[in-house]
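Colleague:
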Amino acid sequence: MAIESVPAPLARRGLRNRLKAGDWIFTTLVSATAALVVLIVLGLFYELISRALPSIRKFGLPFLWETQWNPVRETFGAGTFIVGTLITSVVALVLATVLAVLVALFLVEIAPPWLSRPLSYLVELLAAIPSVVYGLWGVFVMGVFIRDYFGPVVVDTLGWIPFFDGTPLITGIFSACLILTIMILPTIMAVSRDVIAAVPNSQREGIMALGATRWEAIRIAILPYARSGVMGGAILGLARAVGETLAVTLVIGNKVAIPSTIFDPAYTMASVIANQFTEVENDMHRSALIEIALVLLVITFVINVVARLLVWRVTRGQRVLVQE
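Positions in the sequence shown are counted from 1; adding 47 to them yields this note's numbering.
(1) Around the Cβ of Ser97, are there at least 16 other Cβ atoms within 10 angstroms (buried) or fewer (exposed)?
(2) Can you tell me whether Trp207 is buried or exposed, with buried defined as 16 or more other CB within 10 angstroms of its CB?
(3) Can you tell me whether DSSP reads Ala304 as helix, strand or coil?
(4) Using beta-carbon positions only, say whether Leu154 and Ala281 come within less than 8 Å of one another.
(5) Distance, Cα to Cα, Ala125 vs Val138?
(6) Mapping the DSSP letters down to three states, classify Ala245 as helix, strand or coil.
(7) Quick check: what's the CA-CA separation for Leu162 versus Ala273?
(8) Quick one: which unbroken alpha helix (DSSP H) runs of 4-plus residues sit fully inside the segment 114-176? Chain order, please.
(9) In three-state DSSP terms, what is Ala259?
(10) Would you kindly work out how many angstroms separate the C-alpha atoms of Ser136 and Ile229, rounded to a whole number?
(11) Pairs of beta-carbons, one from the segment 212-221 and one from the segment 301-315, closer than 8 Å: are there three or more?
(12) Take Ala354 and list the residues in its own chain whose beta-carbon comes closer than 6 Å to its own, dropping the five residues that flank it on each side.
(13) Count the other CB atoms within 10 Å of the CB of Trp116; is the residue buried (16 or more) or exposed (fewer)?
(14) Can you name, in chain order, every residue of its own chain whose Cβ lies under 8 Å from the Cβ of Ile254, other than the five neighbours on each side?
(15) The alpha helix (DSSP H) spanning Val200 covers which residue range?
(16) Could you check the C-alpha separation between Phe324 and Ile339 for me, to the nearest Å?
(17) Quick test of your reading: Ser102 and Ala259, contact by CB under 8 Å. State the CB separation rounded to the nearest angstrom.
(18) Could you tell me the distance, in whole angstroms, from the CA atom of Ala175 to the CA atom of Pro233?
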């Protein structure tokens, strides 16, 4: 088959279209913006590392598990704060993920459109509430309820377990867990809802045609397909829980000690930075707080990368299905 030649005027017109100044400006602007984001992240790492060098050189790797924190003697270790961060974040992650998946399944699979849409907006509205409002509500409303009603019930029911045997207080690690659960719920729910809605209808129809009930269709055809995306949404919620500052600072009690019960006051990495950075006693104290910020940045960065990869795994599958 002979290849038809392109007329010269059309060829010159196509060349001019490719060389338009607007295209070059747009490409350059977009590329520069993307490069700026990378430079900002690198700048954050550089600035934190350079300012944390005195603490890194003096305490080394044991800084991550040492529990002594004495600004007067210049003895610092982040182990207490890492434990507090892990407890609050993991408990909030488990509670929020279970609730978010149940809500997402209800919105996508069960609720009619006239109910699912306003309910989705209502849940996502929780993400727009400032953290200071959550903190004040946690102190004056939720904390009082935990101290007077819910806490005594937990102690009476599960007090035989050492971790649940304590004195319920307004502020403590349990209040911080509940606040974080509420704060990360919209993030996990939104991602889970979108991933569940992306499950092909052919899978639902196929399993229902074989005589499966609605619950069996959800368990066999929907949840396995959406598992990676739900995990990605959960990890994104975990990233916010790890880095949440103001609300946790108001309700966690702020005590430099590893909690022995769920009602004890404690510290997280973010709350200790917020509480002590404006009142540093010496240069080593400041450097130790900046090193905690560096550890927090590294943890948050890794969590976000893992979450994006998990969500991308599901969305890539959707693109392949669409192309096929």
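Just so it is clear, CB atoms sit at the ideal spot from N, CA and C, and this is done for glycine as well.
Modeller: Well, looking at it:
(1) exposed
(2) Answer is exposed; the Cβ neighbour count stays below 16.
(3) Coil.
(4) With respect to Ala281, Leu154 sits apart: the two C-beta atoms are not nearer than 8 Å.
(5) 20 Å
(6) coil
(7) 23 Å
(8) 126-152 and 160-172
(9) coil
(10) For the pair Ser136 and Ile229, the Cα-to-Cα distance works out to about 12 Å.
(11) yes
(12) Gly279, Ile282 and Leu283
(13) buried
(14) Glu263, Ala264, Ile267 and Ala268
(15) Gly198 to Leu205
(16) For Phe324 and Ile339, the distance between alpha carbons rounds to 11 Å.
(17) That pair is no contact at about 58 Å.
(18) Taking the straight line from one Cα to the other gives about 10 Å.
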